[in-house]
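Asks: Numbering (this note's numbering), first residue to last: 1 to 235.
#1: DSSP has residue 177 in a bridge; who is on the other side?
#2: State the start and end residues of the unbroken alpha helix (DSSP H) segment that holds residue 20.
#3: Check whether the segment 98-113 touches the segment 44-62, counting contact only when three or more Cβ pairs, one atom from each stretch, lie closer than 8 Å.
#4: Do the segment 142-154 and the segment 206-213 meet, that is, are 3 or more Cβ pairs less than 8 Å apart?
#5: Ends of the beta strand (DSSP E) at residue 4?
#6: Check for me: the beta strand (DSSP E) holding residue 86 runs from which residue to which?
#7: Taking DSSP as the reference, what is the three-state secondary structure of residue 136?
#8: Give the straight-line distance between the Cα atoms of residue 81 and residue 12, rounded to the nearest whole angstrom.
#9: Straight-line CA distance for residue 216 to residue 4?
#10: With DSSP as the reference, label residue 166 as helix, strand or coil.
#11: Per DSSP, which residues does residue 238 bridge with? Please list them.
#12: Over what stretch of residues does the alpha helix (DSSP H) that includes residue 130 continue unbroken?
#13: If we count Cβ pairs, one from each stretch, closer than 8 Å, do we get three or more for the segment 129-138 versus the segment 224-232?
#14: Give a yes or no on whether the C-beta atoms belonging to residue 29 and residue 2 are separated by under 9 Å.
#15: Should the segment 179-198 be regarded as contacting the segment 96-105, the criterion being three or more beta carbon pairs within less than 8 Å?
#16: What is the residue span of the beta strand (DSSP E) that residue 33 lies within?
#17: Measuring alpha carbon to alpha carbon, tell me which of 227, 201, 226, 225 ends up nearest residue 236.
#18: On the CB-based measure, 16 or more other CB atoms within 10 Å of its CB, does residue 31 come out buried or exposed?
#19: Restricting to Cα atoms, I'd like to know which of 166, 22, 171, 97 is closest to residue 147.
#20: Figure out for me which residue from 189, 206, 120 has the closest Cα to the Cα of residue 219.
#21: CB-CB under 6 Å to residue 126, same chain, minus the five flanking residues each way: which ones, in chain order?
#22: Does the beta-carbon of residue 128 have 16 or more other beta-carbons within 10 angstroms, so that it is buried, or is it exposed?
#23: Pick from 122, 71, 161, 124: whose alpha carbon is nearest that of residue 139?
Next comes the structure, spelled out in structure tokens:
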């Protein structure tokens, strides 16, 4: 029932987890990965799991403007599904096919989400056992919408907000959306260093992604603080 579009760069630790998440909920989902020329096994893993891979070039820069352009336009192509979902590879909306069918019957054209910042309580890379986190409105995004009714989604920086054009009816029910950035302290430090080193001039000029420049000490403190504040999110 849906096409899932995601943007990736060196996501080998999570790309299969993301694909499995959506395939479990929508067995016939078409997964499209826009890859920014990853240097790890992201592309191979995506293809092995029957995702379509498309490349985009930013001259090896972390470029939010390009990400927004992709997410605002990729879904406008002809496809057999009306429902489209745009996300980063660490964003998992928890809605199932039967629930979406019901929302469509109710006239919903955009699915409301309730964002959660998930945190691993152990120092491993086991995403399947990450059950704790905290509600985090920044990730209450408009991930899933019906392009038969929504003609423009108009995401802002980071896609944290949007200004949709068309027949807009948000679902009354809010579905949990899990954000898996806090998987492992060492991994988080490495990824922040990677992103800060690749930061585009426009990102720096607009102060987009400034959190990637936090010191390693501060990142580890933040991780532990999230653990202390975490509550059970997934049963």
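Even for Gly, the Cβ is constructed at its ideal location relative to N, Cα and C.
Replies: Let me spell this out:
#1: Start at 1 with the first residue of the chain shown, and residue 177 comes out as number 177. 93, 115, per the DSSP bridge assignment.
#2: Locating residue 20 in the chain shown gives position 20, counting from the first residue. It spans 15-25 - the alpha helix (DSSP H) in which residue 20 sits, taken as one unbroken run.
#3: Judged by Cβ distances under 8 Å, the segment 98-113 makes no contact with the segment 44-62, as fewer than three pairs qualify.
#4: No contact exists between the segment 142-154 and the segment 206-213.
#5: Taking the first residue of the chain shown as position 1, residue 4 is located at position 4. Unbroken beta strand (DSSP E) run through residue 4: 2-8.
#6: Here residue 86 is taken as the residue at index 86 of the chain shown, counted from 1. Unbroken beta strand (DSSP E) run through residue 86: 83-88.
#7: Here the question's residue 136 lines up with position 136 in the chain shown. Of the three classes helix, strand and coil, the one that applies to residue 136 here is coil, per DSSP.
#8: Here residue 81 corresponds to residue number 81 of the chain shown, with the count starting at 1. Here residue 12 corresponds to residue number 12 of the chain shown, with the count starting at 1. The straight-line gap from Cα to Cα measures roughly 27 Å.
#9: Numbered from 1 along the chain shown, position 216 holds the residue referred to as residue 216. Numbered from 1 along the chain shown, position 4 holds the residue referred to as residue 4. Taking the straight line from one Cα to the other gives about 33 Å.
#10: In the chain shown, the residue the question calls residue 166 occupies position 166. The answer is strand: DSSP assigns residue 166 an E or B state.
#11: Given a span of 1 to 235 for the chain in the structure shown, any question on residue 238 remains unanswerable.
#12: Mapped onto the chain shown, residue 130 falls at position 130. Element bounds for residue 130: n/a, residue is neither H nor E.
#13: yes
#14: Mapped onto the chain shown, residue 29 falls at position 29. Mapped onto the chain shown, residue 2 falls at position 2. Yes.
#15: no
#16: Here the question's residue 33 lines up with position 33 in the chain shown. Residue 33 -> beta strand (DSSP E) spans 30-35.
#17: As displayed, the chain neither begins before 1 nor continues past 235, which places residue 236 out of reach and without an answer.
#18: Position 31 of the chain shown holds residue 31. That one is buried.
#19: Position 147 of the chain shown, counted from the first residue, corresponds to residue 147. Nearest option by C-alpha distance: 166.
#20: On the chain shown, position 219 is the one that residue 219 refers to. The shortest Cα separation from residue 219 among 189, 206, 120 belongs to 189.
#21: As a first step, residue 126 must be located in the chain shown, where it is residue number 126. Within the same chain, residue 126 has no close Cβ partners at all.
#22: Translated into positions along the chain shown, residue 128 becomes position 128. Classification for residue 128: exposed.
#23: Translated into the one-based positions of the chain shown, residue 139 becomes position 139. Residue 161 is the option with its Cα nearest to residue 139.
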